[in-house]
Amino acid sequence: MAEKVFLKAKDVNEIIELKSKYGQKAKVIAGGTDVMVRVNTLVETPDCFLYIGEAGLNYIKEENDNIIIGAATKLNDIIASPLIKKHLPLLVEAVSGMASVAVRNMGTIGGNICNASPAADTVPALLALEASVIIVSKDSQRTVAMKEFFTGPGKTVLNPDEIVKEIIIPKNDNLKWAYKKIGRRKADTLSVISVAVTMNLKDDVCKDAKIALGAVAPTPILALNASALLCDKKVDSLLVDKVANEVEKEIAPIDDQRGSAWYRRRMSKIIVKNLIEQILGKGMK
Ligand SMILES: Cc1cc2nc3c(=O)[nH]c(=O)nc-3n(C[C@H](O)[C@H](O)[C@H](O)COP(=O)(O)OP(=O)(O)OC[C@H]3O[C@@H](n4cnc5c(N)ncnc54)[C@H](O)[C@@H]3O)c2cc1C
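Numbers 447 to 731, taken from the numbering used here, label the letters of the sequence shown in order.
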């Protein structure tokens with residue numbers, strides 16, 4: 447067996463220097479809760495690991511109208527953060543429903559995003575909150591909207607010499623939100639389906655809405671057409687039915703060991719309906 451190389455970066459500059467030198471050969475490892483499962487089952491056999499968990503990317507801060515989260519921030523630090531609790535309660539809800547305490551103590555938000563699982567649980571919330579990622583390499587820095595980040599299952603727009611440095615989420619304390627994850631068990635389980643909905647309401651009129659879903663398409667998705675149907679409308683039950691039908695057209699679920707495509711289609715519509723009703727209160731005509 448070839449000797450494994452384990453590189454530990456001390457800061458972001460060192461991460462991008464090493465990424466520039468080794469590119470794809472250096473497998474980034476943050477918490478390792480996704481990577482090590484694949485390495486232990488020989489799905490991936492990297493010879494070189496680049497550990498970024500202690501390189502100063504564990505932070506949560508407020509800057510102008512945004513909350514900025516370092517990519518190597520642990521999932522449990524997100525749940526515990528007063529800033530996130532105050533400004534992004536939807537993200538707290540989504541992360542609290544992930545895995546177990548032990549996994550959340552190791553796993554990071556950047557790892558969840560970059561692993562690019564269709565069922566990544568932070569992503570529907572981040573899509574509905576209109577998050578972006580800051581991507582860095584030795585020679586460049588770019589901002590990519592979360593909705594443009596994924597290109598397929600396990601695939602992203604990241605080039606071999608790039609990493610995600612941080613996640614930027616606009617603050618909007620007036621945003622109404624609702625979230626639902628269905629797993630096969632109550633705890634410590636990946637999503638069969640997850641849905642996050644945000645709405646900006648003014649005097650009974652929905653000015654803007656975002657409906658995002660996980661585990662129902664090759665990547666987590668923002669249901670753009672369904673979301674658009676809600677904009678600048680007074681929402682009644684007829685419109686909610688229309689939106690739920692539109693969601694069904696925008697998803698492309700598959701059968702897998704966690705659930706059937708049929709179940710996912712059916713539940714997507716029901717959950718979206720329930721979440722919109724939850725946001726608006728039950729008294730819709
Ligand atoms: C028992 C168990 C239960 C789980 N339950 C859930 C669950 O309920 N919901 C869920 O969504 N996930 C779940 N997971 C998956 C995993 O814990 C999460 O996806 C976690 O957030 C991954 O973070 P990490 O830091 O451990 O990623 P790592 O394993 O370190 O990395 C994951 C991938 O991202 C890349 N990467 C990491 N950071 C960066 C970066 N900054 N820039 C570029 N690439 C990067 C790595 O190279 C790798 O390809 C579970 C895992 C286990 C083992």
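Every residue gets a Cβ at the ideal spot worked out from N, C-alpha and C, and that includes glycine.
Pull up the DSSP beta-bridge partners for residue 645, would you.
Position 199 of the sequence shown holds residue 645. In the DSSP output, where bridge partners are listed per residue, residue 645 has 622, 655.
For residue 644, would you say it is in contact with chain B, using Cβ-to-Cβ distances shorter than 8 Å as the test?
Absent from the structure: chain B. Only one protein chain is present.
Do residue 496 and residue 453 have their C-beta atoms within less than 8 Å of each other?
For the purposes of this step, residue 496 is taken as residue 50 along the sequence shown, with counting starting at 1. For the purposes of this step, residue 453 is taken as residue 7 along the sequence shown, with counting starting at 1. Against a cut-off of 8 Å, the Cβ pair of residue 453 and residue 496 comes out as a contact.
Is any heavy atom in ligand 1 found nearer than 7 Å to the beta carbon of residue 566?
As a first step, residue 566 must be located in the sequence shown, where it is residue number 120. Yes - ligand 1 has a heavy atom lying nearer than 7 Å to the Cβ of residue 566.
Please list the terminal residues of the continuous alpha helix (DSSP H) segment that includes residue 557.
Along the sequence shown, one-based indexing puts residue 557 at 111. That run of the alpha helix (DSSP H) goes 555-560.
Between the C-alpha atoms of residue 515 and residue 726, what's the straight-line distance to the nearest angstrom?
The sequence position of residue 515 within the sequence shown is 69, counting from 1. The sequence position of residue 726 within the sequence shown is 280, counting from 1. Rounded to whole angstroms, residue 515 and residue 726 show a C-alpha spacing of 30 Å.
Would you say the stretch 539-547 touches the stretch 463-477, given that touching needs at least three Cβ pairs under 8 Å?
no
Confirm, please, whether the CB-CB distance from residue 640 to residue 670 is below 8 Å.
Residue numbering aside, residue 670 sits at position 224 when the sequence shown is read from its first letter. Residue numbering aside, residue 640 sits at position 194 when the sequence shown is read from its first letter. No, the Cβ-Cβ distance between residue 670 and residue 640 is not below 8 Å.
Range covered by the alpha helix (DSSP H) that runs through residue 453:
To locate residue 453, count along the sequence shown from 1; it is residue 7. Run containing residue 453: none in the alpha helix (DSSP H); it sits in the beta strand (DSSP E), 451-454.
With 16 other Cβ atoms within 10 Å as the buried cut-off, status of residue 744
Past the edges of the chain, shown from 447 to 731, lies residue 744, and the structure says nothing about it.
Whole-number beta carbon distance between residue 533 and residue 513, since they are thought to touch under 8 Å:
Within the sequence shown, numbered from 1, the residue matching residue 513 stands at position 67. Within the sequence shown, numbered from 1, the residue matching residue 533 stands at position 87. Sure, about 6 Å apart at Cβ, within 8 Å.
For residue 672 and residue 689, the rounded distance between their alpha carbons
Counting from 1 along the sequence shown, the entry for residue 689 is found at position 243. Counting from 1 along the sequence shown, the entry for residue 672 is found at position 226. Cα-Cα distance, rounded: 5 Å.
Alpha carbon to alpha carbon, how far is residue 474 from residue 583?
Residue mapping note: residue 474 aligns to position 28 of the sequence shown, counting from 1. Residue mapping note: residue 583 aligns to position 137 of the sequence shown, counting from 1. In a straight line, the C-alpha of residue 474 is about 13 Å away from that of residue 583.
CB-CB length for residue 521 against residue 565, believed under 8 Å
On the sequence shown, position 75 is the one that residue 521 refers to. On the sequence shown, position 119 is the one that residue 565 refers to. Wrong, their Cβ atoms sit about 15 Å apart, outside the cutoff.
Residue 523 - DSSP class collapsed to helix/strand/coil:
Residue numbering aside, residue 523 sits at position 77 when the sequence shown is read from its first letter. DSSP places residue 523 in helix when its eight states are reduced to three.
Heavy atom of ligand 1 less than 7 Å from the Cβ of residue 480, yes or no?
Stepping through the sequence shown from its first residue, residue 480 is reached at position 34. Yes, since a heavy atom of ligand 1 falls inside the 7 Å radius drawn around the Cβ of residue 480.
When the Cα atoms are used, what is the spatial distance from residue 630 to residue 467?
Within the sequence shown, the letter at position 184 stands for residue 630. Within the sequence shown, the letter at position 21 stands for residue 467. In a straight line, the C-alpha of residue 630 is about 42 Å away from that of residue 467.
Per DSSP, which one or two residues make a beta bridge with residue 473?
Your numbering for residue 473 matches position 27 in the sequence shown. Per DSSP, 495.
According to DSSP, residues forming a beta bridge with residue 668
Stepping through the sequence shown from its first residue, residue 668 is reached at position 222. Answer is 658, bridged to residue 668.
Any heavy atom of ligand 1 within a distance shorter than 7 Å of the CB on residue 519?
The sequence position of residue 519 within the sequence shown is 73, counting from 1. No - ligand 1 has no heavy atom lying nearer than 7 Å to the Cβ of residue 519.
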